[in-house]
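Under our numbering, the first residue of the sequence shown is numbered 92, with each subsequent residue one higher. Accompanying notes for the structure given below.
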Amino acid sequence: MLQHVHVKNPDDYVLYLDDSRDPCDLLEDENALIDQIDALSELGDGSDGVTGVKSSEYLSRDMTTVATNENNWCWIGSVVGNGDDIGNALTSVLDKLSALLNQKNFTLKNVICLTLYIRDMSEYPIVNQVYHKYFNHTNPPVRACVQTILPDNVPVILDAVCKSYTENNPNFLHVQSISHWAPANIGPYSQAARVNDIIYIAGMIPLVPGSMKLLDAGILQQCKLALRHVHRVIKAMDPNTHIRDVVMGFCFVTNKLHIDIARREWEKRTNNGIVDYIVVTGLPRNALVEWYVWAHRANNTFQYEETGYCLNDHHHVSLRRRWNYDNSVSAIVCYVSNGLSLSIGNVAQVTSNQEDDFNIKTLPESTLLEIVQYILSRLLNENKQQTYVANFKIFYKASSLNCSVIENVFSQLIQQYTIVPTIIPVKHLQNPNTVVSICALRHY
92 MLQHVHVKNP DDYVLYLDDS RDPCDLLEDE NALIDQIDAL SELGDGSDGV
142 TGVKSSEYLS RDMTTVATNE NNWCWIGSVV GNGDDIGNAL TSVLDKLSAL
192 LNQKNFTLKN VICLTLYIRD MSEYPIVNQV YHKYFNHTNP PVRACVQTIL
242 PDNVPVILDA VCKSYTENNP NFLHVQSISH WAPANIGPYS QAARVNDIIY
292 IAGMIPLVPG SMKLLDAGIL QQCKLALRHV HRVIKAMDPN THIRDVVMGF
342 CFVTNKLHID IARREWEKRT NNGIVDYIVV TGLPRNALVE WYVWAHRANN
392 TFQYEETGYC LNDHHHVSLR RRWNYDNSVS AIVCYVSNGL SLSIGNVAQV
442 TSNQEDDFNI KTLPESTLLE IVQYILSRLL NENKQQTYVA NFKIFYKASS
492 LNCSVIENVF SQLIQQYTIV PTIIPVKHLQ NPNTVVSICA LRHY
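Laid out in structure tokens, this is it:
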């Protein structure tokens, strides 16, 4: 009797992905864009011959930084693992993290959110094996892991956010079983953590929840599925909070030609969150995209500002900021570009010769120092309390900028401000002429 009844398989549950309209009902210009990007993608990954950063071109000094505020938050940045072996390097990094936390009367159980930047994603199983020895408690931290162009002697870099608590314990979502709702974790991490009004979401890739296999599709469908995971996990943490309540996020892709589609998919769902688009060399399970965001339950109290200016004939600064009404939270994404800023939609049209023209311009230390001081002035927004901590993620295009410029600037600023920087080399940023993106966050 039931022999002709179709029983759903895992792929059936992702057949029609959430969108504001039928997923097949694309506008004409979108169809043209996707056809163009698919054709270009077949020719290569958009790497333009980008290779790893030379050891001599990365950090020449220890930039590890740790800072706390009066509300028992702790930020740790630029914890670098050296050597040829990822297992030994990660062990060293996590031992160092534990020691830094102990100095501030924290433990590994206080880690809320952690990011791993690794040199070789094929060693992801080893990463999980070592990582589990340190984070084997019931509610491990939220985590994202991406592969980028680190030097041969640097297999891993880490940054972390921690919270010590005596009451109002963080709520974690740690799903390990397979379902059709959202993917289980693929490592010893939680999918989400909520501390007061802030909800941290682990890096989300387009896994089919029922099979835990990567969605066999292009960037458009992979992006839709990953964003559906983000939305569902946020709602699981608070039914009154949605993807439109994301304040800040990072979209990691492996091909610069995919940025425009990812941006369009994001903006169909919300224009509230400020997102940095970053091209890396690999993602878990060979995914094309990974979304790594945090939301705020009072997002409707946040304001938005977008500013830009030309420093000189060669450098343009574009800054987007969000902050809440009582100025207890402030977030910034800032792009520094050579020449005039291009729209993201023009990425596919820029030729390699044009990109070379952008890259021949250098970014002097004095110019970058002026930019970061401007970012700090907007981040603090007249709030000069001594207890602030400014957490920075600095992504720089390794083919266009030497790390020493960033290193020297932040080495100076660490002496003047309470800041925690992490410096990460990447393949490309949101525009061909963008040489560095600076993401800054301050909250109490």
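For each residue, glycine too, the CB sits at the ideal point set by N, CA and C.
Notebook entry, point to check: Tyr536 and Phe343 look like a contact to me (Cβ under 8 Å); what is the Cβ gap, rounded to whole Å?
Noted result: As displayed, the chain neither begins before 92 nor continues past 535, which places residue 536 out of reach and without an answer.
Next item on the list: Enumerate in chain order the residues of its own chain whose CB-to-CB distance from Ala180 is below 7 Å, with the five nearest sequence positions on each side excluded.
Entry: Gly172, Asn173, Gly174, Pro246, Val247
Item checked: Other residues of its chain near Arg323: CB distance less than 8 Å, five sequence neighbours each side excluded -> Trp272, Ala273
Next item on the list: Please specify which runs of the alpha helix (DSSP H), each continuous and at least 4 residues long, are wholly inside the region 287-368, giving them in chain order.
Entry: 310-328, 350-360
Note to self: If you measure between the beta carbons of Leu311 and Met295, is that distance less than 9 Å?
What the structure shows: no
Check: Would the beta-carbon of Ala481 fall within 9 Å of that of Ala531?
Finding: yes
Checklist line | Exposed unless 16 or more other CB atoms sit within 10 angstroms - verdict on Asp404 | finding: exposed
Margin query: Quick test of the definition: if touching needs 3 or more C-beta pairs under 8 Å, does the region 389-404 touch the region 454-464?
Written below: yes
Checklist line | Rounded straight-line distance, which links the Cα of Asp417 to that of Leu470 | finding: 13 Å
Item checked: Rounded straight-line distance, which links the Cα of Asp351 to that of Trp166 -> Approximately 32 Å, taken between the alpha carbons.
Check: CA-CA distance, Leu150 and Lys224?
Finding: 28 Å
Next item on the list: Give a yes or no on whether the C-beta atoms belonging to Lys484 and Ile240 are separated by under 9 Å.
Entry: Cβ atoms of Lys484 and Ile240: not closer than 9 Å.
Item checked: 7 Å Cβ shell around Gly73 - same chain, five flanking residues per side excluded -> With the chain running from 92 to 535 in the structure shown, residue 73 is simply not present.
Margin query: Using a 10 Å radius around the Cβ and a threshold of 16 neighbouring Cβ atoms, would you call Ala190 buried or exposed?
Written below: Residue environment: Ala190 is assigned as exposed (fewer than 16 neighbouring CB atoms within 10 Å of its CB, all protein chains considered).
Notebook entry, point to check: Which of helix, strand or coil does DSSP assign to Ala190?
Noted result: If DSSP states are grouped into helix, strand and coil, Ala190 belongs with the helices.
Next item on the list: Determine the direct distance from the alpha carbon of Val424 to that of Val526, and round the result to whole angstroms.
Entry: 14 Å
Next item on the list: Out of Val286, Asp288, Ala293, Arg285, point me to the one whose CA is closest to Gly278's CA.
Entry: Proximity to Gly278 across Val286, Asp288, Ala293, Arg285 peaks at Ala293, based on C-alpha coordinates.
Next item on the list: Provide the residue span of the beta strand (DSSP E) that contains Ser428, from first to last.
Entry: Taken as a continuous stretch (DSSP letters only), the beta strand (DSSP E) holding Ser428 covers 420-429.
Notebook entry, point to check: With DSSP run on the structure shown, which of helix, strand or coil describes Leu459?
Noted result: helix
Notebook entry, point to check: Mind checking Pro330: buried by the 16 CB within 10 Å criterion, or exposed?
Noted result: exposed
Check: Taking C-alpha atoms, which residue in His407, Ala422, His406 lies nearest to Arg413?
Finding: Checked all of His407, Ala422, His406; the closest Cα to Arg413 is Ala422.
Notebook entry, point to check: Near Asn450, what residues of its chain come up, given a Cβ to Cβ distance below 6 Å and the 5 sequence neighbours on each side ignored?
Noted result: Reliability of the predicted coordinates at Asn450 is poor, the pLDDT of 48 falling under 50, and the value obtained from them is presented with this limitation in mind. The answer, listed in chain order, is Ser491.
Margin query: Judging by CA-CA distance, which residue of Asn201, Tyr535, Leu410, Leu249 is the nearest neighbour of Ser468?
Written below: Leu410
Notebook entry, point to check: With DSSP run on the structure shown, which of helix, strand or coil describes Leu470?
Noted result: helix
Item checked: Sub-9 Å separation of Ala378 and Pro297 beta-carbons -> At a Cβ-Cβ threshold of 9 Å, Ala378 and Pro297 count as neighbours.
Check: Do Arg388 and Thr332 come within 9 Å of each other at the CB atom, strictly closer than that value?
Finding: yes
Notebook entry, point to check: Nearest CA to the CA of Ile529: which residue from His320, Pro242, Gly340, Asn193?
Noted result: Nearest option by C-alpha distance: Gly340.
Next item on the list: Take Phe393 and list the residues in its own chain whose beta-carbon comes closer than 6 Å to its own, dropping the five residues that flank it on each side.
Entry: Arg413, Asn415
Check: Thinking C-alpha only, which one of Asp288, Val266, Asn276, Asn201 is nearest Tyr256?
Finding: Asn201
Check: If Val380 sits next to Gln313, beta carbons under 8 Å apart, how far is it from one beta carbon to the other, in whole angstroms?
Finding: 5 Å
Margin query: The beta strand (DSSP E) that contains Glu214, what's its start and end?
Written below: Going by DSSP, Glu214 is part of no beta strand (DSSP E) at all; its letter is neither H nor E.
Next item on the list: Just grab the DSSP bridge partners of Ala386 for me.
Entry: Ile290, Val337
Next item on the list: Could you pull out every residue in the same chain whose Cβ sits closer than 6 Å to the Cβ of Leu520, ignoring the five residues on either side in sequence?
Entry: Within the same chain, Leu520 has close Cβ partners Lys488, Ser528.
Notebook entry, point to check: Quick one: Cα of Tyr535 to Cα of Val370, how far?
Noted result: 31 Å
Item checked: For Asp186 and Thr198, the rounded distance between their alpha carbons -> 11 Å
Next item on the list: Please classify Gly168: does DSSP put it in a helix, a strand, or coil?
Entry: In this structure, Gly168 counts as strand in the three-state DSSP scheme.
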